[in-house]
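S.K.:
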Amino acid sequence: MPELPEVEVSRQGITPFMLGETVMRIVVRNPSLRWPVPSELQEMVSLPITGVRRRAKYLLLETDWGTAILHLGMSGNLRILDHGTPPGKHDHVDIELSNGKLLRFNDTRRFGCVLWTREPAEQHALLAKLGPEPLTDDFHGDHLFERSLKRKIAVKQFIMDNHVVVGVGNIYANESLFSAGIHPELPANQVTQQQYAALTTEIKLVLARAITQGGTTLKDFTGSDGKPGYFVQELQVYGRAEQPCGACGGLLQEIRMGGRSTVFCPRCQPRKGA
DNA sequence: AGCCTCCCCTGGAGGC
DNA sequence: TGCCTCCAGGGGAGGC
288 MPELPEVEVS
298 RQGITPFMLG
308 ETVMRIVVRN
318 PSLRWPVPSE
328 LQEMVSLPIT
338 GVRRRAKYLL
348 LETDWGTAIL
358 HLGMSGNLRI
368 LDHGTPPGKH
378 DHVDIELSNG
388 KLLRFNDTRR
398 FGCVLWTREP
408 AEQHALLAKL
418 GPEPLTDDFH
428 GDHLFERSLK
438 RKIAVKQFIM
448 DNHVVVGVGN
458 IYANESLFSA
468 GIHPELPANQ
478 VTQQQYAALT
488 TEIKLVLARA
498 ITQGGTTLKD
508 FTGSDGKPGY
518 FVQELQVYGR
528 AEQPCGACGG
538 LLQEIRMGGR
548 STVFCPRCQP
558 RKGA
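Residue numbers (my numbering): 288 to 561.
1) For V332 and R312, which I take to be in contact (beta-carbon distance under 8 Å), what is that distance rounded to the nearest angstrom?
2) Can we say the segment 485-497 touches the segment 411-426, given the rule of at least three CB pairs closer than 8 Å?
3) Report yes or no: do three or more beta-carbon pairs, one from the segment 401-411 and one from the segment 354-374, lie closer than 8 Å?
4) Note down the Cα distance separating I469 from H377, rounded to an integer number of angstroms.
5) In the DSSP output, what is W322 paired with across the bridge?
6) Using C-beta distances below 7 Å, list every residue in its chain close to Y525, excluding the 5 sequence neighbours before and after it, in chain order.
7) Within 10 Å of its beta-carbon, does P515 have 16 or more other beta-carbons around it, so buried, or fewer, so exposed?
8) State buried or exposed for T350, treating a residue as buried only when at least 16 other CB atoms are found within 10 Å of its CB.
9) What does the alpha-carbon distance come out to for the pair V452 and V442?
10) Just to confirm my understanding: we take A415, look at its own chain, exclude 5 residues before and 5 after, and list those with CB closer than 8 Å. What are they?
11) Using beta-carbon positions only, say whether H379 and R316 come within less than 7 Å of one another.
12) For E293, is the classification buried or exposed, using 16 other Cβ atoms within 10 angstroms of its Cβ as the cut-off for buried?
13) What first and last residue would you give for the beta strand (DSSP E) that runs through T354?
14) DSSP beta-bridge partners for C532?
15) Which residue marks the beginning of the alpha helix (DSSP H) containing S435, and which one marks its end?
16) To the nearest angstrom, how far is it from the Cα of S385 to the Cα of L346?
17) Which residue marks the beginning of the alpha helix (DSSP H) containing S297, and which one marks its end?
18) Using the Cβ count rule (16 or more neighbours within 10 Å means buried), how would you classify W322?
19) Looking only at DSSP bridge pairs, what is T549 linked to?
20) How long is the line joining the alpha carbons of A534 and F398, rounded to whole angstroms?
21) Note down the Cα distance separating C552 from E541, rounded to an integer number of angstroms.
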């Protein structure tokens with residue numbers, strides 16, 4: 288599934304093919320994504336692409352007239368192909384460019400979206416209230432600590448809240464909590480300032496490391512199979528329930544939190560905070 | 001405001 | 001082999 292690292296690698300991969308190119312044609316084969324693909328997306332035709340940016344897991348294709356907002360959801364992927372490449376199953380949207388290439392949006396489960404906005408993208412309702420990017424200096428231990436003071440929600444769900452920090456999906460929440468030695472069910476307001484400092488460090492490390500691995504997975508844009516790519520080999524807890532903890536040898540335990548699979552080591556991640 | 005549950009969707013896995 | 005059921009999960013919507 289595309290997590291923030293894969294979205295970032297996708298952005299880096301498509302940028303050289305898109306930046307400065309003019310949109311020649313947009314083909315929408317199935318507009319039934321998370322939200323209907325708006326007909327106004329066609330306003331993009333004949334405009335040059337002036338920017339390819341990312342905010343959280345949203346990709347932004349900018350023009351002087353408006354911005355296309357793409358989200359890959361659970362199963363989406365983007366490929367750069369030549370004009371005329373026959374579409375396959377779940378190839379929902381093509382954006383054809385003046386250089387003979389096209390950007391193809393494929394999404395099996397259709398949890399993703401392709402939207403169009405004429406306001407500055409940051410002011411769009413989906414982006415306006417997002418928390419800081421995890422890999423910037425705006426995201427630091429004290430940010431989490433201060434935001435957590437009145438929050439009784441479990442720390443795992445707290446760090447997966449996009450208003451707190453963006454881009455921490457289920458896999459990376461599991462991994463970073465393990466590395467920081469924090470029990471996922473510990474209430475957010477019982478996690479200490481020191482623990483948040485460690486957790487912040489681990490979130491940055493795991494995401495940065497996954498970007499490196501995501502580069503391997505997506506470098507030729509042959510698409511994702513819905514599994515976590517090569518980074519799966521480095522996962523310490525996610526998908527390893529009932530297997531021995533790499534640190535202490537005890538058995539990893541799986542529970543469900545908010546409908547999401549949660550795996551942790553009861554010994555290395557004691558339910559202990561302030 | 002904070003918290004919780006529900007829901008969108010398809011393909012793969014497992015059971016019979 | 002085929003059919004059924006269950007499950008995964010980002011994240012917004014809506015109800016308390």
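Cβ coordinates follow ideal geometry from the N, Cα and C atoms, glycine included.
M.R.: For this structure:
1) About 6 Å; that satisfies the 8 Å criterion.
2) Flag = yes, the segment 485-497 and the segment 411-426 touch.
3) Here the segment 401-411 makes contact with the segment 354-374; the two share three or more CB pairs at distances below 8 Å.
4) Near 40 Å, if we compare the C-alpha coordinates of H377 and I469.
5) According to DSSP, residue pairing for W322 in a beta bridge does not occur.
6) These residues qualify, in order along the chain: I458, N461, E462 and V550.
7) Caution applies to P515, whose pLDDT of 48 falls short of 50 and renders its modelled position unreliable; the model cannot decide the point.
8) Buried, because 16 or more other Cβ atoms sit within 10 Å of the Cβ of T350.
9) A straight-line Cα-Cα distance of about 12 Å links V452 and V442.
10) Within the same chain, E409 come within 8 Å of A415 by CB-CB distance, once the 5 residues on both sides are set aside.
11) Yes, the pair counts as a contact, with Cβ atoms nearer than the cut-off.
12) Answer is buried; the Cβ neighbour count reaches 16.
13) For T354, the enclosing beta strand (DSSP E) covers residues T354 to H358.
14) For C532, DSSP assigns no beta-bridge partner whatsoever.
15) Unbroken alpha helix (DSSP H) run through S435: G428 to S435.
16) Approximately 20 Å between the Cα atoms of the pair.
17) L291 to M305 is the extent of the alpha helix (DSSP H) around S297.
18) With fewer than 16 other Cβ atoms within 10 Å, it is exposed.
19) Under DSSP, the beta-bridge partners assigned to T549 are I542.
20) Taking the straight line joining both Cα atoms gives about 36 Å.
21) Near 9 Å, if we compare the C-alpha coordinates of E541 and C552.
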